[in-house]
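*Asks:* Encoded as structure tokens, here's the structure I'll be asking about.
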Amino acid sequence: MWDIEGISIAPNLKSAMESLHMDADMRLLAGGTDILVAARAGKLRGIRLLSVGNLPELQGIITDEEGNLVIGAGETFSSLIGSTLVREKLPTLVRAAEQLGSVQIRRVATIGGNLCNGAVSADSAAILYALDAELLVSGFGGERVLPVRELHKGPGKTSLEHDEVLTAIRIPKEKLDHFGAAYFKYGRRNAMEIATLGCAAAIRLSEDGERIRDFALAFTVAAPTPLRCVRTEGHYMGEIASESLFREIAGSALTEIRPRSSWRASGEFRMQIAYEMAFRCLTEAAGNWKRGCLC
Amino acid sequence: MGIKQPVKRQDAYAKVTGRARFVEDLLPAGALVGYIVHSTVANGFVKSIDTMEAEASEGVVKILTCFDVPHILHSTAGHAHSLNPEFADIADRLMLESHVRQYGDNIAVIVADSKLSAEAAEKKLKITYEAASPVLDTENAVNTAPLHGDVFDGNAFAQFNFTIHNDKLTDIGTASMKGNWEAVQTAAIPLGAERITEDFELVPVHACHIENPVCFAYMEGEQITVVTATQVPHTVCRIVANVAQHPISKVHVIKPYVGGSFGNKQDLSYEPLAAYLTKQLGGRCVCFFMSREESFVNSRTRHGMKIHLESVFKGMDIIGRYAFMDSDQGAYSAHGHSIAINAITDYAYIYPSEWCIADTRSVYTNKPTASAMRGYGIPQIVFAVESHMDDLAIRAGVDPIELRLKNMVRGGYIDPFNGNVCRSYGLPECISKGMELIGWKEKRTAYPQDNCGTLRRGVGMAMFIYPTGLAPFSLESSACRIVLTQDGGATVHVGATELGQGSDTAFAQIAAEVLKIPQEKVLTVARQDTDSTPYDNGAYASRQTFVTGRAVKQTAEMLCNKILRAAARRFGTELEELCLTESGVKRKDGGELLATLSDIAMHSLFCIEDSEQLSAESTACVHDNAYSFGTCFADIEVDVSLGKISINQLVLVHDSGTIINPQIAESQVMGGAVMGMGYALTEEMLFDPETGRMYNNNLLDYKIPTAADIPEIRAEFVETYEPKGPFGNKSLGEPPVLAVAPAIRNALLHATGIGINRLPMKPEILIREFVRAGLIERRS
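Below you can see the structure in the form of structure tokens.
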């Protein structure tokens, strides 16, 4: 038994937005792997759930006309893992997906839900931040494109309006074509784990592979929201890519993150591993660039 | 057929297909939900509970508070009744408590038509407390106000101290033995001996069995039936009768399939309250299904311990050993000081030096109650002792295995506490086999040569001695009944409970062995029912195949005799001329088949003149103990910069005497190895120091290893013959967990030079130690 007001299944996207618009006590349910935990804890008393996970408008993994990779928000992590398109274009996301929860959770949990839940630890967030992914959002008032880096507003909070639905995630062709990427999740176990810290790097080297032409470094659980190390990125553009530079970048990144201390792990400990994770991600991302821009 | 065979578990198909019925599957329609209201302070008193509004809440049938239940102090420990009141378990708890001793203590119960109704009603209760700061540490607790002032003057409620000199117990009692230890040092050190002292800390952990503690109770006429997931149905019956104030002959406990336990269900949970409530409610069924969150806090934990060890040694000779142990009991005594006693006697057994001196105490704190959990105090002491041995080996400049071989217990050892003799002994072979399988000699030399980068490898080992059952300290009693079925099979009734360890299958194998009946026709009744099941102390102390196994063997032998007697009567011959074979009853001379067992059973049962059900029943009372031995070897890789240990391989070698079922035995070792890994690396119960509330009482934040974390595990056996076991067998249920954590710890020591004396060896602690030792640079 669940302490909720009710649950219904949206027949289509339009009706879902209408229902949301009219009902301030309605919340969307996709895979339910976060929502039902909250319901069990009695946190959704009085809430009506609207199931959207299976809406056709939220399905599909395609390359659009411009060559961007577009992933339906309702796609489950196991379908991402199984998608030849994602495996080919964005294998780092597959690796992130493989580390999420358990087999059972990946079968139902969706990438849209992972983002919209607003968790700072979302396994899909670090790599999407690093690649400047865009979110396609439909609202009662119309559609808009929201950079993923503007989604998170604090633990469990997003910038989506109540009647807005995330329909798809778009990863720019330019990133997929020219960058190497890597993701590192730090957890205590190999499954059923929320990241103690997550780190993703995307890097583009000069033609000769000598210098950093462009790069991005993103963290999860290192601040109240996922973040990019913007100042560090600006500072090291054009430098010669080397082990010592990657160590320097990792050190610089520590000045931009502020992981909190909790009984799960101290901030000091998270800083310690953040350094090593950033270094390893940069090294791996550069290696992936050299192997042919594996994102 | 019979023993030593990899017979499939008799419950395997029922469990994997979902046909096995557990407590929650048996709940009658219309049962009421018993919902416990837990305190939101850890230490203090409930001053008042206003139930008026809650009682009017929809679906609520009854609310009882701590002020409404009878004042019957009792223990929840699943021990056999002690005829000597001095050895009785400590009665220090009530069904509901106004004196709150832990965060989440049971202060009231709401009986309602559903859990949701009860939850809604709970919000309408008005509860006031007089609260004090929680005392979560044993050292503070001994100096603060007694938590059980009506039973004990102080929180250090039990001591067990002793001095052993040359394997003779020379001093025992509650007075400190520290003076004796000082004298040993004063004598030895001027003669060139050295001293090493170390401190170890073990935090409480939880068994995390899949099925939480669950029970329900209802009445038929004056008869109370309690259906519960328990290891000790007959003990539940006795305690329920006492607390619910009902004649024991009118209390009836049923134990269906149990979904795991590891000792936790050797304590009662809410059975007495369920029985008491059904009496209050005209016999209506009331159930208590603990949630996972409750199970962490309101069932039982493994004792947290602080262990201080000292050794005086000269070269490779350990002259004297001293231990001081603080055992954190938590809020209520449950099994009380038995755990510390079990641990500290094991401390004496493993390395019998000239002097062995120990002081122990159990201390109440405001934590969840600690009690029985696989290993019963010995995982804690084995971690300390085996870590200490490796550190001692470094100090003495010798190989840790050489040091152990020089000082370890030998066959023929006589237990200084009770005179029991070690009659079977395979420890040296457990060591040599483990060394060979892990590649000890090569890796001990090769690994350190490459250990300069962030990835470092190491091998380590640890070992143990472990008793089988509680004899001769305590009663070991098991009864068995075997009935010859009409199809010539046998049904075995025992009071010992299957909780995953495979005992039912082992009993069926023993019966099949003696009766020479095909294995598939022998079944151990999986469900215990105290109205009809023979008496047994229950499942604990790795005793079942040793004690109950003996009952099954002797009962099967009696039944053989009865079968032959029935056949002799029928065929007009003498019993001595007949024998039982796999095809049935034969003449000894000539081997002519007289009748199949089915013929004998049918003829005996339905004979108009002289009907008799062929069955036998007997009780085994065991007075001896048998010591099991074993080793664990770990090969690990440490990522120093990330503070991560990954295990390449675990090798466990056990001497458990004759192995009754090699397949189940191997699985038991695998499970124990994984539990030991969790203890070593990830598991700990964490508490808010301000409130005493447990932070991580869920399976996301309390980290037991997942399938994705399991390394290669090799389980091997050194089969000795234990003369006191029914077929040469001795304990195996608990031992696999014992040596895993110290083996990993010693492998870490080999890999990095850092010895961690606290469990779990989590990344945060490793990083701190690595930074301190200069292995890595501080980054923050």
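Quick note, the sequences are listed as chains H and S, same order. Letter 271 of the first sequence, counting from 1, is numbered 1424 in this note's numbering, and no numbers are missing. Letter 13 of the second sequence, counting from 1, is numbered 228 in this note's numbering, and no numbers are missing. We put the CB at the ideal spot given by N, CA and C, even for glycine. No experiment lies behind these values; they were computed from the predicted model shown.
Looking at chain H, which residues of the stretch 221–254 of chain S have a Cβ within less than 8 Å of any of its Cβ atoms?
*Replies:* Under the 8 Å Cβ criterion, the stretch 221–254 of chain S contributes no residue.
*Asks:* Given this structure, state the Cα-to-Cα distance separating S/Ala333 from S/Asn321, to the nearest angstrom.
*Replies:* Walking along the second sequence from the start, residue 333 of chain S turns up at place 118. Walking along the second sequence from the start, residue 321 of chain S turns up at place 106. If you take the alpha carbons of S/Ala333 and S/Asn321, they lie about 15 Å apart.
*Asks:* Taking the CB atoms as reference points, tell me whether S/Ile342 and S/Ala269 lie closer together than 8 Å.
*Replies:* Sequence index remark: in the second sequence, residue 342 of chain S carries index 127 (1-based). Sequence index remark: in the second sequence, residue 269 of chain S carries index 54 (1-based). Not in contact: S/Ile342 and S/Ala269 (Cβ atoms no closer than 8 Å).
*Asks:* Taking 8 Å as the CB-CB limit, is S/Ala582 close to chain H?
*Replies:* On the second sequence, residue 582 of chain S is found 367 positions in, with the first residue counted as 1. A quick correction: the sequence has Lys, not Ala, at residue 582 of chain S. False, the Cβ-Cβ gap to chain H never drops below 8 Å.
*Asks:* Just mark S/Cys822 as buried or exposed, buried being the case when its beta carbon has 16 or more other beta carbons within 10 Å.
*Replies:* To locate residue 822 of chain S, count along the second sequence from 1; it is residue 607. It is exposed - the Cβ of S/Cys822 has fewer than 16 other Cβ atoms within 10 Å.
*Asks:* Please state whether the Cβ-Cβ distance between S/Leu738 and S/Thr706 is less than 8 Å.
*Replies:* Mapped onto the second sequence, residue 738 of chain S falls at position 523. Mapped onto the second sequence, residue 706 of chain S falls at position 491. Taking 8 Å as the Cβ cut-off, S/Leu738 and S/Thr706 qualify as a contacting pair.
*Asks:* Could you name the residues of the stretch 741–759 of chain S whose beta carbon sits closer than 9 Å to any beta carbon of chain H, in the order they occur along the chain?
*Replies:* Correct list: empty, as no residue qualifies.
*Asks:* Let me check one thing: in DSSP terms, what residues is S/Gly369 bridge-paired to?
*Replies:* Residue mapping note: residue 369 of chain S aligns to position 154 of the second sequence, counting from 1. Beta-bridge pairing links S/Gly369 to no other residue.
*Asks:* Let me know the secondary structure DSSP gives H/Arg1423 once reduced to three states.
*Replies:* Counting from one through the first sequence, the residue named residue 1423 of chain H turns up at place 270. Correct three-state label for H/Arg1423: helix.
*Asks:* Between S/Ala456 and H/Leu1233, what straight-line distance do the alpha-carbon atoms span, to the nearest angstrom?
*Replies:* In the second sequence, the residue the question calls residue 456 of chain S occupies position 241. In the first sequence, the residue the question calls residue 1233 of chain H occupies position 80. Straight-line Cα distance between these residues: approximately 58 Å.
*Asks:* Could you round the C-beta distance between S/Ser689 and S/Ala295 to whole angstroms and report it? I think they count as a contact, below 8 Å.
*Replies:* The count along the second sequence starts at 1 and reaches residue 689 of chain S at position 474. The count along the second sequence starts at 1 and reaches residue 295 of chain S at position 80. The Cβ separation is near 7 Å, so the contact holds.
*Asks:* In chain S, which residues lie with their C-beta within 7 Å of the C-beta of H/Met1154?
*Replies:* Along the first sequence, one-based indexing puts residue 1154 of chain H at 1. Here the neighbours are Ser329, Lys330, Leu331.
*Asks:* Is it the case that the stretch 742–754 of chain S contacts the stretch 437–450 of chain S, given that we only count it when at least three CB pairs across the two stretches are under 8 Å?
*Replies:* Contact between the stretch 437–450 of chain S and the stretch 742–754 of chain S is present, because at least three Cβ pairs lie under 8 Å.
*Asks:* Give me the Cβ distance between S/Ser995 and H/Gln1425, rounded to the nearest whole Å; I'm assuming they're in contact under 8 Å.
*Replies:* The sequence position of residue 995 of chain S within the second sequence is 780, counting from 1. The sequence position of residue 1425 of chain H within the first sequence is 272, counting from 1. Confirmed, Cβ separation roughly 6 Å.
*Asks:* Using 8 Å for Cβ pairs, my map puts S/Thr584 next to S/Arg515. What's the rounded Cβ distance?
*Replies:* Translated into positions along the second sequence, residue 584 of chain S becomes position 369. Translated into positions along the second sequence, residue 515 of chain S becomes position 300. Indeed, because the Cβ distance is near 6 Å, the residues count as touching under 8 Å.
*Asks:* Does the beta-carbon distance from H/Ala1272 to H/Gly1309 come in below 8 Å?
*Replies:* As a position in the first sequence, residue 1272 of chain H is number 119, starting the count at 1. As a position in the first sequence, residue 1309 of chain H is number 156, starting the count at 1. Cβ atoms of H/Ala1272 and H/Gly1309: closer than 8 Å.
*Asks:* Can you tell me the Cα-Cα spacing of S/Ile218 and S/Thr720, whole angstroms?
*Replies:* By 1-based counting over the second sequence, the position of residue 218 of chain S is 3. By 1-based counting over the second sequence, the position of residue 720 of chain S is 505. Roughly 10 Å separates the two Cα atoms.
*Asks:* Measuring CB to CB, does S/His461 end up less than 8 Å from S/Ala490?
*Replies:* Against the second sequence, residue 461 of chain S aligns to sequence position 246. Against the second sequence, residue 490 of chain S aligns to sequence position 275. For S/His461 and S/Ala490, yes; Cβs fall inside 8 Å.
*Asks:* With a cut-off of 8 Å on the beta carbons, I'd call S/Val473 and S/Lys465 a contact; round off their distance for me.
*Replies:* As a working mapping, residue 473 of chain S is identified with position 258 in the second sequence. As a working mapping, residue 465 of chain S is identified with position 250 in the second sequence. So it is not a contact: roughly 24 Å between Cβ atoms.
*Asks:* Residues bridged to H/Met1179 by DSSP?
*Replies:* Looking up residue 1179 of chain H in the first sequence gives position 26. H/Arg1201, per the DSSP bridge assignment.
*Asks:* For chain H, find out if any of its Cβ atoms is closer than 8 Å to the Cβ of S/Pro920; answer yes or no.
*Replies:* For this step, residue 920 of chain S is matched to residue 705 along the second sequence. So yes, S/Pro920 belongs to the interface.
*Asks:* With a threshold of 8 Å between beta-carbons, can H/Asn1343 be considered close to chain S, or not?
*Replies:* Here the question's residue 1343 of chain H lines up with position 190 in the first sequence. Yes, because at least one Cβ of chain S sits closer than 8 Å to the Cβ of H/Asn1343.
*Asks:* Determine the closest residue to S/Leu896 out of S/Leu914, S/Glu979, S/Gly845, S/Ile305, with distance taken between C-alpha atoms.
*Replies:* Reading the second sequence from its first residue, position 681 is the one you call residue 896 of chain S. Measuring from the Cα of S/Leu896, the nearest candidate turns out to be S/Glu979.
*Asks:* Using a Cβ-Cβ cut-off of 7 Å (strictly less than) and excluding sequence neighbours within five positions of H/His1174, which residues of its own chain qualify?
*Replies:* Taking the first sequence and counting its residues from 1, the one referred to as residue 1174 of chain H is at position 21. The answer, listed in chain order, is Phe1293, Asp1316.
*Asks:* Kindly list the residues whose CB is nearer than 7 Å to the CB of S/Gly530, restricted to its own chain and excluding five residues on each side of it in sequence; keep chain order.
*Replies:* For this step, residue 530 of chain S is matched to residue 315 along the second sequence. Counting only Cβ-Cβ distances below 7 Å, and skipping sequence neighbours, we find Ala611.
*Asks:* Which class does S/Cys452 belong to by DSSP, given the choice of helix, strand or coil?
*Replies:* Numbered from its first residue, the second sequence carries residue 452 of chain S at position 237. It is helical.
*Asks:* At 8 Å on the CB atoms, spell out the chain H contacts of S/Thr897, in chain order.
*Replies:* For the purposes of this step, residue 897 of chain S is identified with residue 682 of the second sequence, where counting begins at 1. Residues of chain H passing the Cβ test: Arg1341, Arg1342.
*Asks:* Listing by chain order, which chain H residues have their CB less than 8 Å from the CB of S/Asp924?
*Replies:* One-based indexing of the second sequence puts residue 924 of chain S at position 709. Correct list: Arg1342, Asn1343, Ala1344.
*Asks:* Would you verify that the beta carbon of H/Tyr1428 is, or is not, closer than 8 Å to some beta carbon of chain S?
*Replies:* As a working note, residue 1428 of chain H is residue 275 in the first sequence. Chain S contact via Cβ: present.
*Asks:* Check whether the Cβ of S/Glu509 lies closer than 8 Å to any Cβ atom in chain H.
*Replies:* Residue 509 of chain S sits at position 294 when you count from the first residue of the second sequence. So, not an interface residue.
*Asks:* Can you tell me where the beta strand (DSSP E) with H/Pro1300 in it begins and where it stops?
*Replies:* As a working note, residue 1300 of chain H is residue 147 in the first sequence. Counting along the chain, the beta strand (DSSP E) containing H/Pro1300 begins and ends at 1295–1300.
*Asks:* Name, in chain order, the residues that DSSP records as bridge partners for S/Met909.
*Replies:* The residue given as residue 909 of chain S occupies position 694 in the second sequence. Answer by DSSP bridge pairing, in chain order: S/Phe902.
*Asks:* What are the residues of the stretch 259–282 of chain S that lie near chain H, defined by any Cβ-Cβ distance shorter than 8 Å?
*Replies:* Listed in sequence order: no entries.
*Asks:* So, does the stretch 913–933 of chain S touch the stretch 888–902 of chain S, judging by three or more C-beta pairs under 8 Å?
*Replies:* Yes, the stretch 913–933 of chain S touches the stretch 888–902 of chain S.
*Asks:* If S/Phe942 and S/Ser871 are in contact, beta carbons under 8 Å, what's the gap, nearest whole angstrom?
*Replies:* Locating residue 942 of chain S in the second sequence gives position 727, where the first residue counts as 1. Locating residue 871 of chain S in the second sequence gives position 656, where the first residue counts as 1. About 12 Å; that fails the 8 Å criterion.
*Asks:* Between S/Cys695, S/Phe844, S/Gln759, S/Ala954, which has its C-alpha nearest S/Leu865's C-alpha?
*Replies:* Along the second sequence, read from residue 1 onward, the residue named residue 865 of chain S stands at position 650. Of the listed residues, the one whose Cα sits closest to S/Leu865 is S/Ala954.
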